[in-house]
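Line order of the protein sequences matches chains W, B and S.
Everything in the first sequence is counted per the numbering used here, starting at 1 for the first residue and increasing by one.
Everything in the second sequence is counted per the numbering used here, starting at 1001 for the first residue and increasing by one.
Everything in the third sequence is counted per the numbering used here, starting at 2001 for the first residue and increasing by one.
Using N, Cα and C, we set each Cβ at its ideal position, and we do this for glycine too.
All values derive from a computational prediction rather than experimental measurement.
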Amino acid sequence: MAYFSQQLINAITLGAIYGLIAIGYTMVYGIIGMINFAHGEVFMIGAFISLIGFMICGTLGISSAPVAILLVLLMAMAFTAVYGWTIERTAYRPLRGSFKLAPLISAIGVSILLQNYVQLAQGARPKPAGSVIEGGYTLFSADGFDVRVAWLQIVIVVVTVVLMAGFSWIIAATPLGRQQRACEQDMKMAALLGVDVDRTISLTFVMGAALAAVAGMMFMMYYGVVDFFIGFLAGIKAFTAAVLGGIGSLPGAMLGGLLIGLIEVFWAGYFTSEYKDVAVFAILVLVLIFRPTGLLGKPEIEKV
Amino acid sequence: MTDGTTAPLIEVEHLTMRFGGLVAVDDVSFAGRPREITAIIGPNGAGKTTVFNCITGFYKPTVGRLTLRGEPDYLLERMLGHEVGQKAKVARTFQNIRLFPGMTVLENLLVAQHNKLMRASGMSVFGLLGLKRYRAAEAAAIDKARQWLERIGLVADADRPAGELPYGAQRRLEIARAMCTDPRLLCLDEPAAGLNPRESSELNELLVSIRDLDGVGVLLIEHDMSVVMRISDHVVVLDYGRKIAEGAPQAMQNDPAVIRAYLGTAEDDADA
Amino acid sequence: MRDRLPALVKDAALTALVAAALGLFIVGFKTRDAGQGLFFDYQLVDLAVAVATIFFGRLGLQLASLGLKWPSFALGAALGVIGAAPLELPSTFLHWFVVIAGVLIILRTIWPWANAALATARHSQRGRAFGQRGAKWFGAILLAAAVLMPFTSFADQKTMDLAVLILTYVMLGWGLNIVVGLAGLLDLGYVAFYAVGAYSYALLSTQYGLNFWMVLPLAGMFAAAFGLVLGFPVLRLRGDYLAIVTMGFGEIIRLVLLNWVDLSNGPAGIGGIPGPTLFGAVFAETAPAGKQTFAEMVGIPFTSNQRLIYLYYIILLLALVTNFFTQRVRRLPVGRAWEALREDETACKALGINPTNTKLTAFAVGAMFAGFAGSFFAAKQRFISPESFTFIESAIILSIVVLGGMGSQIGVVLAAVLLIGLPEWFRDLGAYRMIVFGLAMVLIMVFRPRGLIAHREPSVRLHPARAGP
């Protein structure tokens, strides 16, 4: 029971991170129907910027953890968002109206490009990051096993919930969200009605990248290590989360993230950790084959 | 060419198609006969294309039976999408032309003869070895394609990419491609859309020759009433997913229900 | 010009600002692990130089696109000279960066002229005839050169190694071209079938003593069987989902090879794989008991080059078989159906073509050729481990196909030489190689989505005499 509870806590933390990345996939897919293959790399860049941000805070002598976290959070979101914006502007926008696999191939190119750019600029070796928040709270002890929730885990879950609520509000209640939903339904019609489609799509990428940056920062703090390759696996898992939840659906992305976190942690905890990634890939394949609309997605009707 | 004298080729019985809460087609029944052109008409959104998509295997109807009479009979609603073309020999064209734009005109017509050529090539083995049997079959297929190109006047354009052809030629090519599958039933979704008057009358001749020379049953969705009146033998009128009238073209012209559907009643004049 | 200048400068400054924001953390602060935690190596000067270059580069490109030839030409030349000058820049990379910016501006400046000249040449009667016959001649000359290559004076160890490597990628590219180029199925897990072929040979030769030529067809069959089993459930999916799922399969196979130690020996890999033999003769200085060496069999003195030349001819043969098969199958109904599926799947269904089966054949045939190439790889390397079969490998093969022009056979050769050959020749480029791959994929999609060689030759003509459109 204690072991189970501990795993559950860990799984929710991990699920929160996946959910944040998954939102980026799902928003972009919803609005322009493309899989932003480079999104995992954006997350990786967010993690790097956060790591460097914390080091800069250290250099500047900012010693208060909450101040540093807030500063780095804002910085990482802002600067990673520039990546999201640039990628859309240079690699995807010129391809609207090109043949259907073109954006995906371009996205794979961006992904390779970013990975190797970071490898070149920052080196290939994993970067150990010191911990920012230490300690935790022992919930209860049973079977000679302490169930602990780290302060960091609380921070991750709280920040995730707040951001998700914030973004859901943006989509649901602001003019920007309305424009996004309009573009999702019918881009041509939205343009005719005066929605600036280009700007709306740009902002979607910016929002997705900002959330990925938060996920990157959480990941960096949680695992204490980053390297240029973390985007690949995390990206795939978050994409799986988005598909599992129903791609295009915001609550679906959060639910999917949570489920993938649960599956991964419990698989590793109760079976073998070697095959935990295989389990996630297998789920991706199975969901796409048997329920491509995911848990909360709407069915697509083939237009002929 | 009179109604009810020949045995039907396609029988649509109680066809209903729902998408979620939307009833696109509601309990529609009609029949199409061999060597006849049956026109399906109705205002936009009446469910005409949905009927086609059910007949040609793209949608699974919610309720209803679609029978293609022959030896044996085929229950189309139970067949996989491609089997409707392959086994039941139902061919179709699309409202927005769907050629293989990067392939040449001739190649388009050869792809249509795929199943026949596939057998002749021994699932590609004979073909890879370059056996005579396959070469003869390919020559026959090219010959058939040439005959159709002559009928639609595109022999000179045979080696051009289909996507480069002018619009009217693409429409004709799509019909020729459907005919190259040796269909028993040909379903044409607005073949005259976007054609100028000259092209439109050429199309009429082509369709009449397909009916009379090739002996194929034709289902035709069309908005251009002059085409419908001139060439169809039987007309089915749909509105809001229901069949509101059926009969000879001249009779339909004067049917009050049809006139109401097209022109609207006094109160919904504004929408019509 | 003068009234446009402020707008141009503003645009260039904005671009530079974005570049500065992009580079600030990742480039400006290089983290270094010094044993006890991370330290910064400040690279802010590098960043400043790069940002300045981007400012002038953008300005130059904008000037060129407005047709202001002389200013843009001057700017390009200036950047070129500055980059090449022996200034004390922090890294050689920056020198290159500045030079490349200059070259790009100059290319952009002369592009309208070059383009117009090319277009006239292409559309002239002679140009067309030349283009068609030229392609044939080019292929024939390339083939002759490839066959004679080992006997020329270029054929030293290094060149032969590289030639074998390039040919391996040409073969993989041609194999993947069937799947991506002809059938239009974006397969991101192609390397999985390569791995199946490699492990088939490695296991069958080390465990059961089968020789290369016996295993080769088996390896192709295994890989094709894998293709069928994996393809069957997934080929109904939409194009982009298919891409992701095939990538997932590629990773699953790699992870299984990594973790199923009993079968694959895990990360340690399989060593001691025998090289290919010729009529039972081995290519080594001394033969194992009961066998003879090739040198003994033919009666010539042994040189280490013999093995390489033999490997070279094997991969050349395998690649040519792949090419011959593709050329032939394009003219068969199944090949035309592949292309038709790529063009419009819905229309195919309406014509009674079974899309799943047709895709499956393309997938399995492509897998088979990867299987062949995989066994060759194992026989050449004599050691394999899961490390050789990562997603990056699939991405490299895909970028060869994309860059070459999807469906173009000669394009694949060009792209393989460019993408594999150049970085190996210029070792310094090695570190930037993957960046160039990624960049090339984006640029090709943006500027030339049909690849270097965009021409498609019809599979059949009604009017063979009147060649040309």
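Check your understanding: Since D196(W) meets chain S, which of its residues come closer than 7 Å, beta carbon to beta carbon?
Key -> Against chain S, a Cβ distance below 7 Å from D196(W) picks out nothing, because the smallest value is about 18 Å.
Exercise for review: Give, in chain order, every residue of the segment 1175-1196 of chain B whose Cβ lies closer than 8 Å to some Cβ of chain S.
Suggested key: Look at the segment 1175-1196 of chain B: the residues with a C-beta under 8 Å from a C-beta of chain S are R1177, A1178, T1181.
Review point. If you run the structure through DSSP and keep just helix, strand and coil, what is M217(W)?
Key: Of the three classes helix, strand and coil, the one that applies to M217(W) here is helix, per DSSP.
Exercise for review: Compile a chain-ordered list of the residues in the segment 2003-2034 of chain S whose CB is closer than 9 Å to at least one CB of chain W.
Suggested key: Look at the segment 2003-2034 of chain S: the residues with a C-beta under 9 Å from a C-beta of chain W are V2018, A2019, A2021, L2022, G2023, L2024, F2025, I2026, V2027, G2028, F2029, K2030, T2031, R2032, D2033.
Exercise for review: Closer than 9 Å by beta-carbon distance: list the chain S residues that pair up with E1107(B), in chain order.
Suggested key: Against E1107(B), the close residues of chain S are R2336, E2339, A2340, P2458, S2459, V2460, in the order they occur along the chain (beta-carbon pairs closer than 9 Å).
Point to revise | Cβ neighbours of T1016(B) in the same chain (closer than 8 Å, five flanking residues each side left out) | key: Counting only residues of its own chain and dropping the five nearest sequence neighbours on each side, T1016(B) has a CB closer than 8 Å to the CB of V1023, V1025, D1026, D1027, V1028, P1061, T1062, V1063, G1064.
Check your understanding: What is the rounded straight-line gap between the Cα of A1039(B) and the Cα of G2404(S)?
Key -> Each residue's alpha carbon lies about 49 Å from the other.
Exercise for review: Consider the C-beta atom of S1209(B) and the heavy atoms of the ligand NAD; say whether any pair is separated by less than 8 Å.
Suggested key: Here there are no bound small molecules, and the ligand NAD is not part of this structure.
Check your understanding: In whole angstroms, what is the alpha-carbon distance linking G46(W) and G2272(S)?
Key -> Answer to the nearest angstrom: the Cα atoms are 44 Å apart.
Review point. Closest Cβ-Cβ distance between K100(W) and chain S: below 9 Å?
Key: Using a CB distance cut-off of 9 Å, K100(W) counts as an interface residue toward chain S.
Review point. Is there a Cβ from chain S that is less than 9 Å from the Cβ of L1133(B)?
Key: The displayed chain sequence assigns Arg, not Leu, to residue 1133(B). For R1133(B), the answer is no, since every Cβ of chain S falls outside 9 Å of its Cβ.
Review point. Which term fits A2116(S), buried or exposed, when burial requires 16 or more other beta carbons within 10 angstroms of its beta carbon?
Key: With fewer than 16 other Cβ atoms from the protein chains shown falling within 10 Å of its own Cβ, A2116(S) counts as exposed.
Check your understanding: Quick one: is K127(W) buried, meaning 16 or more other Cβ sit within 10 Å of its Cβ, or exposed?
Key -> K127(W) should be labelled buried.
Point to revise | chain S contacts made by the segment 77-95 of chain W, where a contact means CB separation under 7 Å | key: Of all residues in the segment 77-95 of chain W, the ones placed with a Cβ closer than 7 Å to any Cβ belonging to chain S are F79, V82, Y83, T86, A91, P94, L95, in chain order.
Check your understanding: Using a beta-carbon distance cut-off of less than 7 Å, what residues from the segment 2349-2362 of chain S approach chain B?
Key -> Of all residues in the segment 2349-2362 of chain S, K2349, A2350, L2351, G2352, I2353, N2354, P2355 have a Cβ within less than 7 Å of some Cβ in chain B.
Review point. Mind listing which residues of the segment 129-149 of chain W have their C-beta closer than 7 Å to chain S's C-betas, in chain order?
Key: Those residues of the segment 129-149 of chain W that come within reach of chain S (Cβ to Cβ, closer than 7 Å) are G130.
Practice item. Could you please give the first and the last residue of the uninterrupted alpha helix (DSSP H) stretch that includes Y270(W)? Key: Unbroken alpha helix (DSSP H) run through Y270(W): 250-270.
Point to revise | chain W within 9 Å of S2399(S), Cβ atoms only | key: Put simply, the CB of S2399(S) is near chain W, with a gap under 9 Å to one of its CB atoms.
Review point. If we count the other Cβ atoms within 10 Å of its Cβ and call it buried at 16 or more, is G15(W) buried or exposed?
Key: Counting Cβ neighbours within 10 Å, G15(W) comes out buried, since at least 16 surround it.
Check your understanding: Between the segment 208-228 of chain W and the segment 72-84 of chain W, are three or more C-beta pairs nearer than 8 Å?
Key -> By the criterion of at least three beta-carbon pairs nearer than 8 Å, the segment 208-228 of chain W is in contact with the segment 72-84 of chain W.
Point to revise | Within 9 Å of chain W by C-beta, residues of the segment 2086-2113 of chain S in sequence order | key: When C-beta distances to chain W are compared with 9 Å, the residues of the segment 2086-2113 of chain S below that value are F2093, in chain order.
Review point. Is it true that the CB of V2051(S) sits closer than 9 Å to the CB of V2098(S)?
Key: Not closer than 9 Å, so no.
Exercise for review: Find the nearest neighbour of N2305(S) within the set F2283(S), A2319(S), S2091(S), judged by alpha-carbon distance.
Suggested key: Taking only the C-alpha atoms, the option nearest N2305(S) is F2283(S).
Exercise for review: May I ask you to verify whether the segment 108-122 of chain W touches the segment 2438-2447 of chain S, counting CB pairs closer than 8 Å and requiring at least 3?
Suggested key: Of all C-beta pairs linking the segment 108-122 of chain W to the segment 2438-2447 of chain S, three or more are shorter than 8 Å, placing the two stretches in contact.
Practice item. Could you tell me the distance, in whole angstroms, from the CA atom of F2226(S) to the CA atom of R1172(B)? Key: Those two C-alpha atoms are separated by around 43 Å.
Review point. Excluding sequence positions up to five away, which residues of its chain have a Cβ less than 7 Å from the Cβ of P1008(B)?
Key: The beta carbon of P1008(B) sits closer than 7 Å to those of A1031, G1032, R1033, R1069, all from its chain and outside the five residues before and after it, given in chain order.
**Study point:** chain S contacts made by the segment 110-125 of chain W, where a contact means CB separation under 9 Å
**Key:** Residues passing the 9 Å Cβ filter: V110, S111, I112, L113, L114, Q115, N116, Y117, V118, Q119, L120, A121, Q122, G123, R125.
Review point. Are the C-beta atoms of Y2241(S) and some chain W residue less than 9 Å apart?
Key: Yes - at least one Cβ of chain W is within 9 Å of the one on Y2241(S).
Exercise for review: Pick out the complete beta strand (DSSP E) segments inside the segment 1006-1073 of chain B, 3 residues or longer, and give them in chain order.
Suggested key: Runs of the beta strand (DSSP E) inside the segment 1006-1073 of chain B: 1010-1019, 1022-1032, 1037-1041, 1063-1068.
Exercise for review: Please compile the residues from chain S whose C-beta is within a distance smaller than 9 Å of the C-beta of D277(W).
Suggested key: D277(W) reaches chain S at E2251, I2252, L2255, counting residues in chain order whose Cβ is nearer than 9 Å.
Exercise for review: Can you check DSSP and say which residues form a bridge with P128(W)?
Suggested key: Looking at the DSSP assignment, P128(W) forms a beta bridge with V225(W).
Practice item. Would you tell me roughly how many angstroms separate the C-alpha atoms of I2453(S) and A2415(S), rounded to the nearest one? Key: Separation of I2453(S) and A2415(S) (C-alpha to C-alpha, rounded to the nearest whole angstrom) is 10 Å.
Check your understanding: Which residues in the same chain as R2433(S) place their Cβ atom closer than 6 Å to its Cβ, once the five residues preceding and following it in sequence are excluded?
Key -> Sequence-distant partners of R2433(S) (beyond 5 residues in either direction) whose C-beta falls short of 6 Å from its own C-beta, in its chain, are P2423.
Check your understanding: Using 8 Å as the Cβ pair cut-off and three pairs as the minimum, do the segment 1178-1196 of chain B and the segment 1209-1219 of chain B touch?
Key -> Touching, per the Cβ criterion.
Exercise for review: Round the Cβ separation of G2102(S) and G2080(S) to the nearest angstrom and send it over; I've been treating them as touching at under 8 Å.
Suggested key: Yes, they are in contact, since the Cβ atoms of G2102(S) and G2080(S) sit about 3 Å apart, within 8 Å.
Review point. For G103(W), which residues of its own chain have a beta-carbon under 6 Å away from its beta-carbon, when the five flanking residues on both sides are left out?
Key: Correcting the residue identity first, residue 103(W) is Pro in this sequence and not Gly. Cβ within range, chain order: M34, Y92, L95.
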